[in-house]
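Undergrad: Counting in the working numbering, the sequence shown runs from 158 upward without gaps. By construction, the Cβ of each residue, glycine as well, lies at the ideal position given by its N, Cα and C atoms.
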Amino acid sequence: MKKTYKLKGKSVTIKPKKKIFSELSESFSQALTPNPPMTVSEWADKYRMLPAISTHESGLWRTSRFPFTKRVMDLLSSHEPCYQIVVMKGAQLAFTEIALNWKMYTIHYDPGPMLYVQKTLDAIKIFMEQRFEPSVDEMPIVRERIGNSSLRKSSGDTARLKVFPGGMIRFGGANSASSLRSMPIERLMLDEEDSYESDIQSEGSPSDLAIRRTANFPRRKIYRISTPTIKETSVIEPLFEAGTKERYHVPCPFCGNMDWIRWANIKYVNDDPNTAELLCEACGCLIAERYKTQMLSNGKWIAENPHAEYPSFHISSLYSPYGFYSWKDAVRHYVKAIRNHDNSSLKTFVNTVLGETWSESGKTVKASWLEGRKEQYVAEVPKECMVLTCGADVQDDRIECEVVGWANGLESYGITYKIFRGDTAQNAVWEQFDTFTKQQFRHGAGMLMPITCVAVDSGHRTKIVYEFCRMREHRYFFPVKGDDGWGKGLIDRPRKKNKYKVWAFRAFVDEIKSTVYSYLTISEPGPGYCHFPNIPEYDTEFFRQLTSESLKKVWSQGKYRLRWMLPEGRRNEVLDCRCLNHSALTILLPDFGKLPINEPIILNQRPIKRGRRRHSKGVNS
Ligand SMILES: [Zn+2]
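1. With H, G and I counted as helix, E and B as strand and the rest as coil, what does DSSP make of Lys260?
2. Under 8 Å, with one C-beta from each stretch per pair, do the region 280 to 293 and the region 231 to 250 reach the 3-pair mark?
3. Where the beta carbon is closer than 6 Å to any heavy atom of ligand 1, which residues qualify, in chain order?
4. Count the other CB atoms, across all protein chains shown, that sit within 10 Å of the CB of Asn729; report buried if there are 16 or more and exposed otherwise.
5. Tell me which same chain residues have a C-beta within less than 6 Å of the C-beta of Pro270, skipping the five on either side of it?
6. In whole angstroms, what is the alpha-carbon distance linking Arg629 and Asp641?
7. What would DSSP say about Ser525, mapped onto helix, strand or coil?
8. Just verifying my parser: in three-state terms, what is the DSSP assignment at Cys442?
9. Considering only residues of the same chain and omitting the five flanking positions on each side of Ile298, which have a CB-CB separation below 6 Å?
10. Whole angstroms are fine: how far does the CA of Ser483 sit from the CA of Ile754?
11. Can you give me the start and stop residues for the beta strand (DSSP E) that His471 sits inside?
12. Quick one: is Glu295 buried, meaning 16 or more other Cβ sit within 10 Å of its Cβ, or exposed?
13. Give every residue of the same chain whose Cβ lies closer than 6 Å to the Cβ of Ala661, excluding the five residues on either side of it in the sequence, and list them in chain order.
14. With the cut-off set at 7 Å, would you say Thr401 and Ser469 are in Cβ contact?
15. Please state the DSSP three-state secondary structure of Phe634.
16. For Tyr657, which residues from the same chain have a beta carbon less than 8 Å from its beta carbon, with the 5 sequence-adjacent residues on both sides left out?
17. Cα-Cα, which of Arg720, Ser359, Thr678 and Pro363 is closest to Ser352?
18. I think Pro539 touches Gly601, with their Cβ atoms under 8 Å apart; what is that distance to the nearest whole Å?
19. Grouping DSSP H, G and I as helix and E and B as strand, with all else coil, what is Asp429?
20. Rounded to whole angstroms, what's the CA-CA distance from Val522 to Ser740? Just pull it up for me.
21. Can you find the residues in the same chain that come closer than 8 Å, C-beta to C-beta, to Ile303, ignoring five residues on each side of it along the sequence?
22. Alpha carbon to alpha carbon, what distance is there between Pro684 and Pro757?
23. Less than 8 Å between C-beta atoms, sequence neighbours within five positions excluded: which residues of the same chain meet that for Ser675?
24. My output table needs one value for Val673: the three-state DSSP class, helix, strand or coil.
25. Considering Trp563, what are the terminal residues of the beta strand (DSSP E) in which it resides?
26. Does the distance from the C-beta atom of Asn332 to that of Glu354 stay below 7 Å?
27. Determine the contact status of Leu719 and Ser705, defining contact as a CB-CB distance below 7 Å.
28. Could you say if the region 439 to 454 and the region 388 to 400 meet the contact criterion of at least three C-beta pairs nearer than 8 Å?
29. Relative to the alpha-carbon of Phe506, which residue among Ala524, Ala585, Thr384 and Val243 has its alpha-carbon at the smallest distance?
30. For a quick check, are the C-beta atoms of Leu742 and Trp563 less than 7 Å apart?
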């Protein structure tokens, strides 16, 4: 029973002894019980500061701005039992910031050994300079744990290692085996895994090499995240399929129906991006984008395979918060790619906006169908052509070349195809070829038109080709060597001349052939369409060779790869010449939009700018 006494005029209540003891012991035990550990999202909401220089919105991180990231971040918290988390995603969704949140959390709150891997060591260097260091500078509590800022001036391995009490973060490149195999790792992040080389320095896949480092940690955590690329060879898509397959479902503001945002439900009128809205399949309403914020904050992840071994997520850029990438932007990108039959832009859209893989297989074109399309040009070069290029394929005993005219929207016109026979180790055949390339062609507008750029295959007779091109650099002759690989654009521009003093270009033939074949399938004149002249050089053999290859999935060096294959006994010089013409045009990068229509253009001979690369037309991540 409580008793109340008067003491110096104030009333004092005394509780029975037993009760006092029980309350004391309760508060004592509360003090001894540790707080539940903080999750990565709780930590980020409390501490993470976004630097102004590298982010869209600076200041304190708010998970509520990107509500779909909360579950992913919380699974990264070390008290969560799952060992692997897979995210297949589009761009502009703050997943790079999540990666930084996890790193900062590891440094400041819950230390352990971590390895973070990007595509190349160069990419890692840029990431550290532009994202990691500015983020650390913004947060003194993190900076003081890494200490020693002089490390920032060091180079190589030391620069890519951050040590702090209880842990360290190593930054590795998927192109360098030595940067991946150094030490045991508890937390591993594989960023943009679909762009990794499949085999590095004969030690197997970079992902496997890094994952092996985690074997000794029972509480290991592997975070695998990527924008997908090609369906046939993607790493991230099969990982997503084998996991829980979670998609972020959001409520319709009108009927409350939960569904995920799919591209098929983005509706627009007359190709006008400003009309973009989301269709609710349940009530048939069109939802304006301004409802996105409220929809995202009331959304939840729903798993298709809830009993799978690990969580996997898919999310597209259509979820990018209001004020970032919009549905309008997505429609604009899509409509432009479709209008121009621009396959590479469409592929970028599917990969980086929808976060889905792009299938390359099934592209075949019938030779007879193309041959039946031959047409009588009014002039040698139709008046639509603004630039002429030439692509030359070099064999032991001959040089084969095609001249192609290019019009707006990359609509192309075959002009002529020539074969110069003779030993290509000797001068004579090269002289014939040189004389031919000096020729000018009668343009539909009346004037004579020269060839603006010549791409010569340097895979064979390499030194002779180098010397031939070096002497003709002022006429825009360039050696081009074919190389494998997807997702690197059409060509790689040299940063400087090679030791033979030429600008030697690399052409990614898989990607170029894919472009050539997608243009060949276009059946109506317009952007991308290929015209062929009704002249004897464009005979049945020409079209047989042009359509000779097909895409095949082949097993090589421990991984499936997608390669263009030539059936036995078939020849493909015509296809190679067409690819070299695409390379020549890409080297020139003419801005057709700024060229006068229906007038031949002789581009000024200008020096090549150093280090210029072909940029993706897609959205930035
Ligand atoms: Zn609805």
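TA: In terms of the structure at hand:
1. helix
2. no
3. Cys409, Phe411, Cys412, Asn414, Cys437, Ala439, Cys440 and Cys442
4. buried
5. Gly324, Met325, Ile342 and Glu343
6. 27 Å
7. helix
8. coil
9. His265
10. Below a pLDDT of 50, predicted positions are generally treated as unreliable, and Ile754, at 45, falls in that range; no measurement from the model is reported.
11. Ser469 to Ile472
12. buried
13. Pro636, Pro651 and Asn655
14. yes
15. strand
16. Lys620, Tyr623, Glu624 and Arg627
17. Pro363
18. 5 Å
19. strand
20. 21 Å
21. Ile264, Val293, Lys319, Val320 and Phe321
22. In this prediction, Pro757 scores a pLDDT of 46, lower than 50, which makes its location untrustworthy; the coordinate-derived value is nonetheless stated afterwards. Their Cα atoms are separated by approximately 18 Å.
23. His498, Asn500, Lys520 and Gly685
24. helix
25. Arg555 to Ala564
26. yes
27. no
28. no
29. Thr384
30. yes
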